[in-house]
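Q: Numbering (my numbering), first residue to last: 18 to 293.
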Amino acid sequence: MKQKIVMINFFSIILLLTLTVNAIPPFLWYSTYSIENYVGNGCACDTIKSGGMTWISCPYLEMSHDEAEAFHNALVNLSIGNCNRRYFRKDNDVTAALWAGDNAEINGVDFFFYSGHGSGFGPHLGCNSTYEITCSDIRFKGSGYLKWVQGCACLWFCPPQYANGIGEFSRWFSSFQGVHTVQGHRAITYESENPQALMNDFWNDWVNEGKSIDNAWKSSQIEFIYQGSGLPGLMPATMAANETYAYETWASASDAAAPAGAFWFSWRQTGNPEYE
Numbered sequence: 018m019k020q021k022i023v024m025i026n027f028f029s030i031i032l033l034l035t036l037t038v039n040a041i042p043p044f045l046w047y048s049t050y051s052i053e054n055y056v057g058n059g060c061a062c063d064t065i066k067s068g069g070m071t072w073i074s075c076p077y078l079e080m081s082h083d084e085a086e087a088f089h090n091a092l093v094n095l096s097i098g099n100c101n102r103r104y105f106r107k108d109n110d111v112t113a114a115l116w117a118g119d120n121a122e123i124n125g126v127d128f129f130f131y132s133g134h135g136s137g138f139g140p141h142l143g144c145n146s147t148y149e150i151t152c153s154d155i156r157f158k159g160s161g162y163l164k165w166v167q168g169c170a171c172l173w174f175c176p177p178q179y180a181n182g183i184g185e186f187s188r189w190f191s192s193f194q195g196v197h198t199v200q201g202h203r204a205i206t207y208e209s210e211n212p213q214a215l216m217n218d219f220w221n222d223w224v225n226e227g228k229s230i231d232n233a234w235k236s237s238q239i240e241f242i243y244q245g246s247g248l249p250g251l252m253p254a255t256m257a258a259n260e261t262y263a264y265e266t267w268a269s270a271s272d273a274a275a276p277a278g279a280f281w282f283s284w285r286q287t288g289n290p291e292y293e
C-alpha cells in the first residue's frame with residue numbers, strides 16, 4: 018500500500034510539472050494590435066503640389082484603434098467564460114520583435130487581431146528597422162497557443178503578380194506553425210463606417226449562429242466594409258492548415274494545434290477589387 022501511494026504522488030508531481038510547462042491559457046485569450054500613427058513608426062509625410070496648391074500628406078489611418086476596440090467589445094458583450102484580453106498594443110508599441118519567431122508575443126494567446134496597413138508579404142508596421150517584418154519571419158502558433166488570426170489590412174493574400182511573382186502559399190506556408198486559420202484580404206480593404214456592428218456580426222455568426230469561422234469572416238466583411246458600386250471591391254480571404262479548420266464552428270473548435278503548413282485558401286469577391 019505504501020508503494021502505491023508513492024507512485025500516485027510521483028505521478029501527481031509529473032502531472033503538475035507538465036501542466037506548469039505546457040499550461041493552455043483559459044479559452045479565450047486574445048490580443049489586439051492596431052496602428053494609426055505611421056509617422057511615429059518612422060514613415061515620412063509627403064509634400065504634394067498640384068494646381069498651384071501645396072499640402073502635406075501623412076500616412077495616418079483613422080479607424081484602426083476603433084476596430085481593435087470593437088473586436089474587444091464584441092467579445093465582452095458575448096460574455097464568453099474565461100475570456101481575457103492579454104495585450105492591446107497601439108502605434109509605436111507594435112514592433113516587429115513582437116511578431117517574429119516561435120516565441121513571439123503574438124503566439125501567447127488563442128486569437129490575435131491586427132488592424133493597420135498591409136502588403137502581400139504581411140503587416141506593414143512602419144518604416145524603419147524596428148518595424149520591418151515579412152510573413153517569412155512569422156511563425157503563427159510556434160511555441161505558444163495561437164489558433165486564429167485576423168488581419169484588417171490590405172493585400173496579405175494578393176495574387177503573385179502583385180507580390181514580386183511569388184504565390185500566396187509560397188509566401189505564407191512557413192508562417193503556419195500550428196495556427197488553424199489566418200484571415201485577411203486578397204485585394205485592398207478600407208475602414209468600416211461601423212466597426213462595432215462588423216465585429217458584433219462576426220462574433221455572433223461564429224459563436225451563436227453556427228457559421229464556420231471562414232464564412233463568418235467573409236460575410237461580416239462584405240456586409241460592413243463594401244459600400245457598393247463606384248468604390249473599390251472587396252476580397253476577404255481565409256488561409257488554413259486544411260479545410261477542416263476553415264470550417265470550424267465555435268461548437269467544433271479544437272484547442273489542439275493544427276498541422277504545420279498552409280494547404281487551403283479561399284476568398285469571396287464583391288465588386289471590382291483594386292490592387293496597390
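All C-beta atoms in this analysis are idealised placements derived from N, C-alpha and C, irrespective of residue type, glycine included. A quick note: this is a predicted structure, and the numbers were derived from the prediction, not measured.
Whole angstroms is fine: what's the gap from histidine 202's alpha carbon to asparagine 289's?
A: Approximately 14 Å between the Cα atoms of the pair.
Q: Return the residue from the list Lys235, Ala257, Ala273, Trp46 that minimises the CA-CA distance to glutamine 286.
A: Per the Cα distances, Lys235.
Q: I need the boundaries of the alpha helix (DSSP H) containing phenylalanine 241, first residue and last residue.
A: Its alpha helix (DSSP H) spans residues 230-241.
Q: Helix, strand or coil for leucine 95 per DSSP?
A: Helix at leucine 95.
Q: Could you give the distance in angstroms between the alpha-carbon of alanine 273 and the alpha-carbon of lysine 158?
A: Each residue's Cα considered, the two are about 11 Å apart.
Q: Using a threshold of 8 Å, state whether the C-beta atoms of alanine 113 and threonine 147 are closer than that.
A: Yes, Cβ-Cβ distance for alanine 113 and threonine 147 is below 8 Å.
Q: Which value, in whole angstroms, describes the spacing of the CA atoms of alanine 61 and proline 76?
A: Roughly 7 Å separates the two Cα atoms.
Q: Go to threonine 261, then tell me how far its alpha helix (DSSP H) extends in each direction, as first and last residue.
A: Start and end: 260-263.
Q: I need the straight-line Cα distance from phenylalanine 44 to phenylalanine 282, nearest angstrom please.
A: Cα to Cα, the separation comes out at about 26 Å.
Q: Please classify proline 253 as buried or exposed, where buried requires at least 16 other C-beta atoms within 10 Å of its C-beta.
A: When all chains shown are included, proline 253 counts as buried.
Q: Start and end of the beta strand (DSSP E) containing valine 166?
A: It spans 165-169 - the beta strand (DSSP E) in which valine 166 sits, taken as one unbroken run.
Q: Taking just the CA atoms, how far does aspartate 63 sit from valine 199?
A: Whole-angstrom Cα-Cα distance: 33 Å.
Q: Indicate whether cysteine 169 and glutamate 84 have their beta-carbon atoms separated by less than 8 Å.
A: Their beta carbons are under 8 Å apart, which means cysteine 169 touches glutamate 84 by this criterion.
Q: So, aspartate 154 versus tryptophan 116, is the Cβ gap smaller than 8 Å?
A: Yes; because the gap between Cβ atoms is below 8 Å, this pair is in contact.
Q: Quick one: residues in its chain with C-beta nearer than 8 Å to the C-beta of methionine 216, no 5 flanking neighbours on either side, listed in chain order?
A: Contacts found: Glu84, Ala87, Phe88, Asn90, Ala91, Ser237.
Q: Can you have a look at asparagine 39 and say buried or exposed, based on whether 16 or more other CB atoms are within 10 angstroms of its CB?
A: Only weak support exists for where asparagine 39 lies, its pLDDT of 34 falling under 50; the value from the coordinates is given anyway. That one is exposed.
Q: When the Cα of aspartate 108 is compared with those of Leu95, His134, Ala270, Trp284, which residue comes out closest?
A: Comparing Cα-Cα distances from aspartate 108 to each of Leu95, His134, Ala270, Trp284, the minimum goes to His134.
Q: Look at aspartate 231 and tyrosine 264 and say whether their C-beta atoms are less than 8 Å apart.
A: Yes, the Cβ-Cβ distance between aspartate 231 and tyrosine 264 is below 8 Å.
Q: Just checking my contact of glycine 125 with glycine 161 at CB under 8 Å: how many whole Å lie between their CB atoms?
A: Yes, glycine 125 and glycine 161 are in contact; Cβ-Cβ is about 5 Å, under 8 Å.
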